[in-house]
């Protein structure tokens, strides 16, 4: 749990430098994609609380399981957190959210 809090804080710190954060799935630990760990929820809640846009590139969400794929689908229109298949699409959204 302490590691989760540390990761969430580190990501918020990175986001505060630019006012947003773009992550690739390769930058996240496997625990992020296993929703039962609570890591994804903790990270995403911090970004919502700080009102910082977060874009995460996940090429094939279903590779991380059905529950994670559902989470990605549920965030298609979220105002602060979105998942994208490529960095170009993520950057377009981030540009429009600033």
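Numbering (our numbering), first residue to last: -13 to 84.
We put the beta carbon where it would ideally sit given N, CA and C, even for glycine.
The beta carbons of residue 44 and residue 66 sit about 16 Å from each other, so the pair does not count as a contact at 8 Å. At a cut-off of 3 residues, the continuous stretches assigned as beta strand (DSSP E) that sit fully inside the stretch -1 to 60 are 7 to 10, 40 to 43. For the pair residue 57 and residue 6, the CB atoms are not nearer than the 7 Å cut-off. Per DSSP, residue 81 is one residue of the alpha helix (DSSP H) stretching across 73 to 83. If you ignore the 5 residues before and after residue 23, its C-beta comes within less than 8 Å of the C-beta of -10, 17, all in its own chain and listed in chain order. When only Cα atoms are considered, residue 84 and residue 72 end up about 19 Å apart. Each of 32, 20, 75 was checked against the Cα of residue 54, and the nearest Cα belongs to 20. Shown here for residue 39: same chain residues with a beta carbon closer than 7 Å to its own, the five before and five after excluded, namely 6, 66, 80, 83 in chain order. Partner residues in a beta bridge of residue 63, as assigned by DSSP, do not exist. Counting every other CB atom within 10 Å of its CB across the protein chains shown gives residue 26 a total of 16 or more, marking it as buried.
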